[in-house]
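First residue of the sequence shown? That's 514 in the numbering used here, and the numbers climb one at a time after it.
We treat Cβ as the ideally placed atom computed from N, Cα and C, and that holds for glycine.
A quick note: this is a predicted structure, and the numbers were derived from the prediction, not measured.
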Amino acid sequence: MISKSKLKFIRSLSLKKFRDTEDAFLAEGPKVVSELAAAFPCRMLVGRSDYLAGTHSIVADEVVEVSQEELERCSQMRMPQHCLAVFGRKRVAAQQMSAQHDGLTLVLDDIQDPGNLGTIIRTCDWFGIRQIVCSANTADAFQPKVVQATMGALARVDITYTDLPDFFSRCPADISIYGTFLDGENLFTAPIENRRAVIVMGNEGHGISREAEAYIDRRLFIPNYPPGEVSGESLNVSIATAITLAEFRRRKLV
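So, in structure tokens, the structure goes:
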């Protein structure tokens with residue numbers, strides 16, 4: 514049985530102020546919990562008896578057995594899956610990212626939708642992007658909806674929040690900074706540097722901010738098809754990110 518204090522603590526992690534105060538976040542489901550346990554310290558593992566008696570290699574500071582009803586009371590999901598866990602966060606300084614830059618870094622300028630952010634993190638994991646730098650107003654990568662949408666990708670992608678102009682100003686001079694715009698060069702034909710580069714993706718409604726735009730070396734555009742035919746005004750930012758990263762990686766493979 515779970516105590517009222519533990520239940521209150523777990524549920525409090527749905528709010529950013531408590532995640533920041535406790536320096537912790539919540540993850541749910543065997544797959545997500547198992548993947549994150551490889552990268553984050555597990556402070557508390559909460560699960561049904563059948564899950565805890567099964568095969569898993571999660572080392573936790575505390576293990577709490579609960580009934581299905583108790584699990585549902587703890588969970589942020591409509592249909593909780595066997596277990597959840599509280600993990601401690603790891604913090605990566607933006608200065609460390611820029612100093613150790615050895616490939617592609619994705620920069621997110623005020624991405625607001627948790628689903629978009631989770632999908633972007635998962636996409637970065639797929640394409641081997643290990644560094645994401647977020648503006649201070651980008652959605653919290655450790656809120657429950659984002660964590661679940663990443664499907665464990667947080668274990669392999671470092672994320673930091675910082676002032677973007679300050680980050681750009683510290684990037685080495687030989688790193689190219691790209692951004693996506695509606696008036697940019699065709700992504701598929703523009704010359705791009707695919708080894709050491711920063712790619713900036715902007716807010717869902719307003720695009721890249723003027724403060725960030727000032728540091729961009731080359732403006733890119735994802736063309737619709739057929740060229741010139743009437744279509745939607747723009748792509749969803751998570752889809753645009755996937756297309757952009759795929760093209761950068763394709764160039765490196767050919």
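Integer-rounded CB distance, given that residue j should sit under 8 Å from residue i
i, j, result
"P685", "V659", "With a Cβ gap of about 30 Å, P685 and V659 do not count as contacting."
"Y691", "L733", "6 Å"
"I688", "A703", "Not quite, the Cβ-Cβ distance comes to about 17 Å (not below 8 Å), so this is no contact."
Cβ neighbours of residue i in the same chain (closer than 8 Å, five flanking residues each side left out)
i, result
"C647", "V620, L621, I624, A654, I672, T673, Y674 and T675"
"V767", "Since pLDDT at V767 reaches only 47, below the 50 mark, its modelled position is unreliable, and the value read off the structure follows with that caveat. Taken in chain order, the list of residues that qualify is empty."
"R602", "R532, D536, A537, F538, F553 and F655"
"I735", "T693, L700, L748, A753, I756 and T757"
"L526", "R532, E535, A537, F538, L539, V599 and P657"
For residue i, the residue or residues it bridges with in DSSP
i, result
"F538", "F600"
"I729", "The partner list for I729 (beta bridge, DSSP) is empty, contrary to what the question assumes."
"D671", "Q644"
"M714", "L621"
"T693", "L733"
"L558", "V576 and A598"
"E698", "L733"
"G720", "N716"
Cβ shell of residue i (< 6 Å), same chain only, five flanking positions each side left out
i, result
"K519", "none"
"T663", "G631, I634 and R635"
"L758", "F640"
"R768", "Missing from the structure shown is residue 768; the chain here goes from 514 to 767 and no further."
"F681", "Y728"
"D730", "S689 and I690"
"G542", "Q594"
"L558", "I571, A573, V576 and A598"
"S722", "D622"
"M768", "Past the boundaries of the shown model lies residue 768; the chain is included only from 514 to 767, so the question cannot be answered."
Nonlocal neighbours in the same chain, by C-beta distance under 7 Å from residue i, ignoring five residues either side
i, result
"V747", "Looking at the sequence itself, residue 747 is Ser, so the reference to Val does not match. So the qualifying residues of the chain are L695."
"G665", "K544, V545, E548 and L549"
"S562", "E578"
"N737", "S744"
"L677", "V620, D622, S648, E724 and A725"
"F600", "A537, F538, A540, L549, F553, P554, C555 and R556"
"R586", "L520"
Does the segment 708-717 come close enough to the segment 743-753 that 3 or more CB-CB pairs lie under 8 Å? Result yes; three or more Cβ-Cβ pairs closer than 8 Å.
Indicate whether the contact test is met: 3 or more Cβ pairs, each with one atom in the segment 572-585 and one in the segment 543-557, closer than 8 Å. By the C-beta criterion, the segment 572-585 is judged to be in contact with the segment 543-557, since at least 3 inter-stretch pairs fall below 8 Å.
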